[in-house]
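In the numbering used here, the protein residues as written are 1 to 256.
A short write-up of the structure that comes next.
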Amino acid sequence: MTEAVFGSPAGQVLVVGASGGIGLAFVRGLLALPGVERLYAACRQPEQAIELQAMSQQDQRLQLLTIDLTDDTSIAQAVAEIQSTTDRLHCVINCVGVLHDETVQPEKSLRQIDGDRMLHYFQVNSIGAVLLAKQVQPLLKHNQLSVLATISAKVGSIGDNALGGWYGYRASKAALNMLMKTTAIEYQRTCPKAIVAVFHPGTTATALSAPFQRNVPPEKLFTPEKTVDYLLDVMGQLKPTDSGEFFSWNGDRLPW
Ligand SMILES: NC(=O)c1ccc[n+]([C@@H]2O[C@H](COP(=O)([O-])OP(=O)(O)OC[C@H]3O[C@@H](n4cnc5c(N)ncnc54)[C@H](OP(=O)(O)O)[C@@H]3O)[C@@H](O)[C@H]2O)c1
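Laid out in structure tokens, this is it:
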């Protein structure tokens, strides 16, 4: 039988950015899988995440944690909490990302470039992911198959950039891809059963894409549930030789 990431007993999962559109759908989708024995769901303010709170009341497998990916200490504290109950994870899914918030709006032209705002994109979209890769590494050093999955974006592909614009978001996702590719190379030495991969979720109806959905044909705008079905299917079929690759929601490999 092929070893599967979400098959019993390989079922201890961490979702970071669990309060977001895609993150929350991952939590729901994973709890529906019988192979998932324990699910740690992390976000910046779990006490305010109403859906997560309700789900954790109903399902003993779900434990809520606090992680702000711009704060290394908060990641270390959450990992220590996980380590107080287990020495291993089989799947870590990072769904954190920012395109627009109170600090940034995607730039349409060079005139809108601002160094401090660009830094915000890199802190949340790129650096946070590699801090997470550093902190979860001890939990992925075991002899069962595991996945460190990071939700990136196709607009972070340098080879695929035909439209321009969105300087900070694009560049921070390209940096994210390089950081995860580099992580994959180190993990091959330190935790060879851990597959490190980045994913394009497809345009998904969440708060992040809400201001930009007008010109997206309905068949190309996925619900978060549909996106997660696609991504879990791709993740569930990953092999160690897939580590260090960039996948689309349909399993296609994307150019860097
Ligand atoms: N939606 C799309 O069409 C689309 C397309 C391509 C790629 N993506 C990528 O998919 C991922 C998920 O996006 P989404 O559509 O689900 O967006 P979303 O609903 O806006 O969720 C974004 C998540 O990121 C979290 N976050 C932001 N800053 C954070 C920080 N400093 N530390 C920890 N968490 C932080 C948010 O947490 P809070 O609740 O605490 O704010 C939220 O959970 C992102 O990486 C995004 O770039 C999305």
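C-beta atoms are modelled at their ideal positions from N, C-alpha and C, and glycine is treated no differently.
The model shown is predicted, which means the values in this text are computed figures rather than measured ones.
Nearest neighbour of residue i, chosen from the options [CA to CA]
i, options, result
"A129", "R38, T182 and R88", "T182"
"D233", "A49, Y121, N94 and F26", "F26"
"I67", "V16, F247 and G115", "V16"
"G20", "V36, Q53 and V96", "V96"
"M118", "D72, S172 and Q77", "S172"
"L24", "E37, L179, Q12 and C43", "C43"
"D101", "I113, K141, A207 and G156", "A207"
"K108", "T73, L254 and L163", "L163"
"A175", "V198, K193 and L52", "V198"
"Q48", "D59, V136 and L64", "L64"
"L140", "Y121, N161, Q112 and T86", "T86"
Secondary structure of residue i, DSSP reduced to three states
i, result
"S74", "helix"
"S172", "helix"
"H200", "strand"
"S56", "helix"
"Q63", "strand"
"S248", "strand"
"R111", "helix"
"R214", "coil"
"R28", "helix"
"R44", "coil"
"R88", "coil"
"L99", "coil"
"N161", "coil"
"M1", "Per-residue confidence for M1 stands at a pLDDT of 36, beneath the threshold of 50, marking its modelled position as unreliable; the derived number appears in the next sentence. Looking at M1 - three-state DSSP - the assignment turns out to be coil, as it is neither helix nor strand."
"S126", "helix"
DSSP bridge partner residues for residue i (one or two, in chain order)
i, result
"N94", "V16 and T150"
"I195", "V147"
"R38", "Q12"
"F222", "T204"
"R189", "Paired residues: none, contrary to the question."
"V253", "Val is not the amino acid found at residue 253; the sequence shown has Arg there. Partner(s): F247."
Own chain, CB closer than 6 Å to residue i, minus 5 neighbours either side, in chain order
i, result
"Q123", "T70"
"V92", "L14, V136 and L148"
Local Cβ density within 10 Å of residue i, reported as buried at 16 or more and exposed below that
i, result
"K154", "buried"
"S8", "Note that S8 scores a pLDDT of 47, beneath 50, so its modelled location is shaky; the value from the coordinates is reported in the next line. So S8 ends up on the exposed side."
"I158", "exposed"
"A133", "buried"
"L14", "buried"
"M1", "Only weak support is given to the placement of M1: the predicted model assigns it a pLDDT of 36, under 50, and the value that follows is read from those uncertain coordinates. When all chains shown are included, M1 counts as exposed."
"N143", "exposed"
"G168", "buried"
"L238", "buried"
"L110", "exposed"
Nonlocal neighbours in the same chain, by C-beta distance under 8 Å from residue i, ignoring five residues either side
i, result
"R28", "M55, E225 and V228"
"F222", "P201, G202, T203, T204, A205, Y230 and W249"
Same chain, Cβ closer than 7 Å to residue i, neighbours up to 5 away in sequence not counted
i, result
"D114", "none"
Neighbour flag for residue i against chain C, beta carbons, 7 Å
i, result
"L145", "Of the chains in the structure shown, none is chain C; there is only one protein chain."
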